[in-house]
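Accompanying notes for the structure given below.
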Amino acid sequence: MRQRLRDPITGLLFVLPMLVLFLIFRIFPTLGAAGMSLTDWKISGEWSFVGADNYARLLDDPNFLASLRVTLVYVAVYVPLVVLAALGTALLLNAVVFMRGLFRGMLFLPYVTSFVLAGVVWKWIYEYNGLLNGLLAKADVAPVKFLEESSLVLPALALVSAWKGFGYSMLILLAGLKSIPGSYLEAARVDGANAWQRFRRIVLPLLRPALFFVLVIETITAFQTFDTIYVMTGGGPAKASYTLIYGIYDQGFKFFDFGYAATLGIVLFALVLVVSLIQRRLLDRGER
Amino acid sequence: MTERTGVLDRPGTGPAVRRAPARTSPRRPRGAVARRAALSVLLGLLALLTVSPFAAMFVVALSPAGKPTVPAAWPSSLTLDNVVRVVSASGFLTWTFNSLVYAVVSVVIILLTASMAGYAFAKKRFPGRDAMLWTFLATMMVPFQATLIPMFVLISDLGGVDTFWGLIVPTLANSQAVFLMRQFIRDLPDELFDAAKVDGAPEWVVYWRIVVPLTRPVLATLGVFVFLWHWNDFLWPLVIAQSDEMRTLTVGLTTLQTEEIQLSMLMASAAVSVVPCLLVFFVLQRYLVNSIAMTGLK
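Protein chains in written order, with the numbering used here: chain A, 1 to 288; chain B, 1001 to 1298.
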């Protein structure tokens, strides 16, 4: 019957454009990254098979080992910062009625702009002669080298990304808060629970899935941070903000060592995968 | 890059409801009005703090050059000089045009291909459907940066460096878009499609006359997101659009920064580059906010 054949054929035809795009630009490069990591691919396109040499090189590469440490420190600073900012503002938005729409819009505004713009503006804010030091001077505080001090650069960068990105997580958490039935909170209030007890015993457990979602998304975002670092520090000072992604860009487009850069890409993929799976495990356990 | 990697679906709320510990003496909170007012003030201050970098940027962009580093909260004289000079500088309009092409073409093609694929995945049975869907989902886990090098080699071998197609085409394979469309179309009643079939309407008519009009809200939302993803995109344009004529605004901004440039000019450039985002924001804020809450689209 015509009708029975019609569905499979039209189905395939409708999927075809996206499927072709996927095969060529997602799946092929993914396999390609794994393949290239086993070669010494040069910019000329010449290559030879080198087995696991690139992976062995990772262990002896002080830049790589330092970049791993920088990446993990950055993630460890950024994630709590952005989640707390998102949670705090979401809780306030949920509690406040006065001009709520306006405030929500203002808090969400940085999210629609680019990390490059955030980097350009905040670089000026952080500069030695910049806005923040200008304000500090008015308060008689000595100028701070936010971006030139190894110990300050990662928190400074994390703050910029958190400022730019927290609006998204704030909205996710706000939606989670709104779905908590008011009657639960009212009952607890009648039973004499104070604000902290209500938050700790009712809001937090019910918000848990949304919090985990935000945690996973923000962790992955943190691992992928590149734009602000490129704009604001170029990996410096003295490689103090030289992350794994920055290493991929550096090896690929400064040293044109494509084989090794692809290997760093595989490491990034493995890291993101492992962290996602661990957090997924924790989430599943948490729900049980 | 546009693709967001992630393993989780949007969560609902959890099932666990725990009773708060009972207290013997129920009491209403005192000073509730004062507390509420304090919270409003706190929230307002945080909101002002959040937008203050933008305010500072606009004040510097609109102030005469050579002003002190800390912009006055209420500037005495405003001028469009910087903006005019930025816009009339040689590269800026080209970059803006390139960013517009990059964003708008991507929006059109992604909306078309993702809604077609979403329709097929939602309403058609065909061999390999579930395997394909799983593969699409699995690719979400691969960060774009992990495939940056092979992608660059592929495009450069195909002659796509410094071309619009080389810039645009690789960013079109977007699984988030496909999943969003599939989810939405799956909820449309089957009877609509059966009726059209009985009438003998060809499939492209069903797609164009039923799927597209009924998914208009989600298409609009997706369109806004795809526009922002591309307008704000940086790493891919940075490596693929190398000549000055092909640069996008984000890449162009970073080249301005490395030159000797007056702060007022840099901030004016930054301010102009953010105008489309602000327009989208002011016109469609409610829409954006609701769709993030409902779909988790990032």
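Beta carbons are placed, not taken as given, at the ideal position from N, Cα and C, and that holds for glycine.
Spatially closest choice to F1184 (chain B) from B:A1122, B:L1137, B:G1252, by CA coordinates: Locating residue 1184 (chain B) in the second sequence gives position 184, where the first residue counts as 1. For the residues B:A1122, B:L1137, B:G1252, the minimum Cα distance to F1184 (chain B) belongs to B:A1122.
Label S1025 (chain B) either buried or exposed according to how many other C-beta atoms from any shown protein chain fall within 10 Å of its C-beta, with 16 as the threshold for buried. The residue labelled residue 1025 (chain B) in the question sits at position 25 within the second sequence. Summary for S1025 (chain B): the model assigns pLDDT 44, below 50, so the residue's position carries little reliability, and this model does not support an answer.
Between which two residues does the alpha helix (DSSP H) containing E1203 (chain B) stretch? If you number the second sequence from 1, residue 1203 (chain B) lands on position 203. Unbroken alpha helix (DSSP H) run through E1203 (chain B): 1203 to 1206.
Shortest alpha-carbon distance to A222 (chain A) belongs to which of A:R6, A:A139, A:F166, A:T30? In the first sequence, the residue the question calls residue 222 (chain A) occupies position 222. Ranked by how close their Cα comes to the Cα of A222 (chain A), the residues A:R6, A:A139, A:F166, A:T30 have A:F166 in first place.
Can you check whether the CB of P110 (chain A) is closer than 8 Å to the CB of Y128 (chain A)? Along the first sequence, one-based indexing puts residue 128 (chain A) at 128. Along the first sequence, one-based indexing puts residue 110 (chain A) at 110. Not closer than 8 Å, so no.
Check distances from the C-beta atoms of the segment 1281 to 1298 of chain B to those of chain A and list, in chain order, the residues that come in under 7 Å. F1281, Q1285, V1289, I1292, A1293, G1296, K1298
Measuring alpha carbon to alpha carbon, tell me which residue in B:L1180, B:E1191, B:T1250, B:K1124 is nearest L1222 (chain B). As a working mapping, residue 1222 (chain B) is identified with position 222 in the second sequence. The option with the nearest alpha carbon to L1222 (chain B) is B:L1180.
Could you tell me whether any Cβ in chain A is nearer than 8 Å to the Cβ of A1047 (chain B)? The sequence position of residue 1047 (chain B) within the second sequence is 47, counting from 1. Output row for A1047 (chain B): interface = yes.
Contact residues within the segment 1229 to 1245 of chain B, judged by C-beta distance below 9 Å to chain A: W1231, N1232, D1233, F1234, L1235, L1238, V1239
Do you know how far the Cα of S44 (chain A) is from the Cα of I217 (chain A)? Position 217 of the first sequence, counted from the first residue, corresponds to residue 217 (chain A). Position 44 of the first sequence, counted from the first residue, corresponds to residue 44 (chain A). Roughly 37 Å between the two C-alpha positions.
Straight-line Cα distance separating R198 (chain A) from A1032 (chain B): Indexing the second sequence from 1 puts residue 1032 (chain B) at position 32. Indexing the first sequence from 1 puts residue 198 (chain A) at position 198. Cα to Cα, the separation comes out at about 16 Å.
Taking the beta carbon of V1084 (chain B) as the centre, do at least 16 other beta carbons fall within 10 Å, making it buried, or is it exposed? For the purposes of this step, residue 1084 (chain B) is identified with residue 84 of the second sequence, where counting begins at 1. With fewer than 16 Cβ atoms within 10 Å of its Cβ, V1084 (chain B) is classed as exposed.
Given 8 Å, three or more beta-carbon pairs between the segment 272 to 281 of chain A and the segment 218 to 238 of chain A: yes
T39 (chain A), DSSP secondary structure in three states: As a first step, residue 39 (chain A) must be located in the first sequence, where it is residue number 39. DSSP places T39 (chain A) in strand when its eight states are reduced to three.
Three-state class that DSSP yields for F49 (chain A) in the structure shown: Numbered from its first residue, the first sequence carries residue 49 (chain A) at position 49. The answer is strand: DSSP assigns F49 (chain A) an E or B state.
Since I248 (chain A) and I1292 (chain B) should fall inside the 8 Å C-beta cutoff, what is the C-beta to C-beta distance between them, to a whole number of angstroms? Position 248 of the first sequence, counting from 1, holds the residue named residue 248 (chain A). Position 292 of the second sequence, counting from 1, holds the residue named residue 1292 (chain B). Actually they do not touch by this definition, with Cβ atoms about 29 Å apart.
Pull up the distance between the alpha-carbon of L1111 (chain B) and that of A187 (chain A), whole angstroms please. Sequence index remark: in the second sequence, residue 1111 (chain B) carries index 111 (1-based). Sequence index remark: in the first sequence, residue 187 (chain A) carries index 187 (1-based). If I take the Cα positions, the gap works out to 47 Å.
Interface residues of chain A facing N1042 (chain B) [CB-CB closer than 9 Å]: By 1-based counting over the second sequence, the position of residue 1042 (chain B) is 42. The question names Asn, yet the displayed sequence has Leu at residue 1042 (chain B). L92, V96, listed in chain order.
Let me see if you follow: with CB-CB separation under 8 Å, is V50 (chain A) close to chain B or not? Here residue 50 (chain A) refers to the residue found at position 50 when the first sequence is read from its first residue. No, V50 (chain A) does not count as interfacial toward chain B.
List the residues of chain A whose Cβ lies closer than 7 Å to the Cβ of S1273 (chain B), in chain order. As a working mapping, residue 1273 (chain B) is identified with position 273 in the second sequence. The contacting residues are L117.
Cα-Cα, which of A:L31, A:S241, A:N63, A:A270 is closest to V153 (chain A)? Here residue 153 (chain A) corresponds to residue number 153 of the first sequence, with the count starting at 1. The shortest Cα separation from V153 (chain A) among A:L31, A:S241, A:N63, A:A270 belongs to A:S241.
If you run the structure through DSSP and keep just helix, strand and coil, what is D140 (chain A)? The count along the first sequence starts at 1 and reaches residue 140 (chain A) at position 140. In this structure, D140 (chain A) counts as coil in the three-state DSSP scheme.
If F1126 (chain B) and D257 (chain A) are in contact, beta carbons under 8 Å, what's the gap, nearest whole angstrom? Here residue 1126 (chain B) corresponds to residue number 126 of the second sequence, with the count starting at 1. Here residue 257 (chain A) corresponds to residue number 257 of the first sequence, with the count starting at 1. Contact check for F1126 (chain B) and D257 (chain A): beta-carbon distance about 43 Å, past the 8 Å limit, so the pair fails to qualify.
State whether the segment 1131 to 1147 of chain B contacts the segment 1203 to 1214 of chain B, with contact taken as three or more CB pairs (one from each stretch) at a distance under 8 Å. They do not touch, by the three-pair rule.
Same chain only: Cβ atoms within 7 Å of A1022 (chain B), ignoring 5 sequence neighbours per side: In the second sequence, residue 1022 (chain B) corresponds to position 22, counting from 1. In this prediction, A1022 (chain B) has a pLDDT of 45, which is less than 50 and means its spatial position is unreliable; what the coordinates show is noted afterwards. None.
Short CB-CB distance (under 8 Å) between S67 (chain A) and chain B: As a first step, residue 67 (chain A) is located in the first sequence; it is residue number 67 there, counting from the start. Interface with chain B (8 Å Cβ-Cβ cutoff): S67 (chain A) is excluded.
If we count the other Cβ atoms within 10 Å of its Cβ and call it buried at 16 or more, is T39 (chain A) buried or exposed? Working through the first sequence from its first residue, we reach residue 39 (chain A) at position 39. Under this definition T39 (chain A) is a buried residue.
A1270 (chain B) versus A:F255, A:L283, A:L271, A:V231, residue with shortest Cα-Cα distance: To locate residue 1270 (chain B), count along the second sequence from 1; it is residue 270. A1270 (chain B) has its Cα closest to that of A:V231, out of A:F255, A:L283, A:L271, A:V231.
Under DSSP, the alpha helix (DSSP H) around M1057 (chain B) begins and ends at which residues? Locating residue 1057 (chain B) in the second sequence gives position 57, counting from the first residue. Segment 1032 to 1061, the alpha helix (DSSP H) holding M1057 (chain B).
By the criterion of Cβ-Cβ separation under 8 Å, what are the contact partners of T1147 (chain B) in chain A? Numbered from its first residue, the second sequence carries residue 1147 (chain B) at position 147. In chain order: R26, P29, T30, G32, A33, G265.
Would you mind telling me which residues of chain B sit closer than 9 Å to W122 (chain A), beta carbon to beta carbon, in chain order? Working through the first sequence from its first residue, we reach residue 122 (chain A) at position 122. In chain order: P1053.
Going by DSSP, what residue range makes up the alpha helix (DSSP H) through Q1285 (chain B)? Counting from 1 along the second sequence, the entry for residue 1285 (chain B) is found at position 285. 1263 to 1295 is the extent of the alpha helix (DSSP H) around Q1285 (chain B).
Through-space distance from T1255 (chain B) to D1233 (chain B), alpha-carbon basis: Sequence index remark: in the second sequence, residue 1233 (chain B) carries index 233 (1-based). Sequence index remark: in the second sequence, residue 1255 (chain B) carries index 255 (1-based). Cα to Cα, D1233 (chain B) sits roughly 15 Å from T1255 (chain B).
Residues of its chain near L268 (chain A), where Cβ-Cβ distance is below 6 Å and the 5 sequence neighbours each way are ignored: Looking up residue 268 (chain A) in the first sequence gives position 268. Excluding residues within five positions, the ones whose Cβ falls inside 6 Å are L244.
Is there a C-beta anywhere in chain B that falls below 8 Å from the one on G236 (chain A)? The residue labelled residue 236 (chain A) in the question sits at position 236 within the first sequence. Chain B contact via Cβ: absent.
Residues sharing a beta bridge with D257 (chain A), DSSP: Reading the first sequence from its first residue, position 257 is the one you call residue 257 (chain A). DSSP, once it has assigned bridges, lists A:K42 as partnering D257 (chain A).
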